[in-house]
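Enquirer: Letter 94 of the sequence shown, counting from 1, is numbered 96 in the working numbering, and no numbers are missing. One structure, pasted below without further comment.
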Amino acid sequence: MAGRELAPGMTPPGSPRPTAASGADVFDIYTIIFLALAVFIFLRLRSVLGQRTGRERPPYDPYSAREPARPATTDKVVALPNRNADAAAPKPVEAVEVAEPGARWKGFAEPGSPVAAGLDAIAAGDDAFDAKHFLTGARAAYEMIVTAFADGDRRPLKNLLSRDVYDGFDSAITAREKRGEKAETRFVSLDNAEITAAEARGRNAQLTVRFSSKLISTTRDKNGNVIDGSADKVTDVTDVWTFARDLSSRDPNWKLVATEAGQ
Numbered sequence: 003m004a005g006r007e008l009a010p011g012m013t014p015p016g017s018p019r020p021t022a023a024s025g026a027d028v029f030d031i032y033t034i035i036f037l038a039l040a041v042f043i044f045l046r047l048r049s050v051l052g053q054r055t056g057r058e059r060p061p062y063d064p065y066s067a068r069e070p071a072r073p074a075t076t077d078k079v080v081a082l083p084n085r086n087a088d089a090a091a092p093k094p095v096e097a098v099e100v101a102e103p104g105a106r107w108k109g110f111a112e113p114g115s116p117v118a119a120g121l122d123a124i125a126a127g128d129d130a131f132d133a134k135h136f137l138t139g140a141r142a143a144y145e146m147i148v149t150a151f152a153d154g155d156r157r158p159l160k161n162l163l164s165r166d167v168y169d170g171f172d173s174a175i176t177a178r179e180k181r182g183e184k185a186e187t188r189f190v191s192l193d194n195a196e197i198t199a200a201e202a203r204g205r206n207a208q209l210t211v212r213f214s215s216k217l218i219s220t221t222r223d224k225n226g227n228v229i230d231g232s233a234d235k236v237t238d239v240t241d242v243w244t245f246a247r248d249l250s251s252r253d254p255n256w257k258l259v260a261t262e263a264g265q
């Protein structure tokens, strides 16, 4: 066996072999060194950065800066007026001042006319007066009075006529009833109603209105025979009526104080 060559990697007989214990010893030494370094680094970072206490601010959010900041509102905060809003806001008082002087009665009276002056005087005594509203009521009263007179219905006439005018209407109705006659009136249309005069004397105001209408009027005797008018003929009628009202009264209604046939 002497002089025999050993194969590569083989250990000569009798020489010491490396054991697993010697490798483990080397591993344990390196592990201890790394652990010591880790503990040292941890302690170092802790001393520099400090510890969390729960009061730290939240991390910075770059997107939160894009939202506009909203001021806190309390009861003591008073919002300042917007200067631009004041300039853009409508001013009703200035609009009235800029309006034409005669525009108030436009459609009812010519500017500078006696009728316009009378309407101004009435409005000065009653700030709630409105020409359009008055004419609407006058048209309704005209139809109601004409119809009630033809029917001999005195009840609505008492509320719409002055005492003198009512007495005249009542006398005519009574005379017709004594003769046994019956009047029939039917409105075809009320074409126009315009204020022709206006005045205010003290607290008493008067307005005169010209009515233009189309009516079918008939008067029959006690036997039913037509003695006046026509049962199928339309007649153009023009009446000029004057209404009056005490401007100091709480009663807003106007009463008929005079009637005449128009031309």
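We treat Cβ as the ideally placed atom computed from N, Cα and C, and that holds for glycine.
DSSP three-state call for F136: helix, strand or coil?
Expert: Helix at F136.
Enquirer: Tell me whether I147 is buried or exposed, calling it buried when 16 or more other Cβ atoms sit within 10 Å of its Cβ.
Expert: buried
Enquirer: Any idea what DSSP makes of K257, helix, strand or coil?
Expert: strand
Enquirer: Given this structure, state the Cα-to-Cα distance separating P158 from T149, to the nearest angstrom.
Expert: 10 Å
Enquirer: Pick helix, strand or coil for L159, following the three-state DSSP scheme.
Expert: Helix at L159.
Enquirer: Restricting to Cα atoms, I'd like to know which of R252, S251, F245 and A260 is closest to A133.
Expert: F245
Enquirer: Give the straight-line distance between the Cα atoms of N206 and I124, rounded to the nearest whole angstrom.
Expert: Straight through space, the alpha carbons of I124 and N206 are spaced by roughly 9 Å.
Enquirer: Could you tell me the distance, in whole angstroms, from the CA atom of R181 to the CA atom of K224?
Expert: When rounded, the distance between both Cα atoms is 8 Å.
Enquirer: Any idea what DSSP makes of S164, helix, strand or coil?
Expert: coil
Enquirer: Indicate the three-state DSSP secondary structure (helix, strand or coil) for A246 in the structure shown.
Expert: strand
Enquirer: Have a look at S232 and S219 and give me their C-alpha separation to the nearest angstrom.
Expert: 6 Å
Enquirer: In three-state DSSP terms, what is A111?
Expert: In this structure, A111 counts as coil in the three-state DSSP scheme.
Enquirer: Roughly how many angstroms lie between the CA atoms of W243 and E196, to the nearest whole one?
Expert: 11 Å
Enquirer: Tell me, please, whether the CB atom of K108 is closer than 9 Å to any CB atom in chain B?
Expert: Looking for chain B here will not work: only one protein chain is present.
Enquirer: Grab me the residues of R188's own chain with a C-beta within less than 6 Å of its C-beta, minus the 5 sequence neighbours each way, in chain order.
Expert: I218
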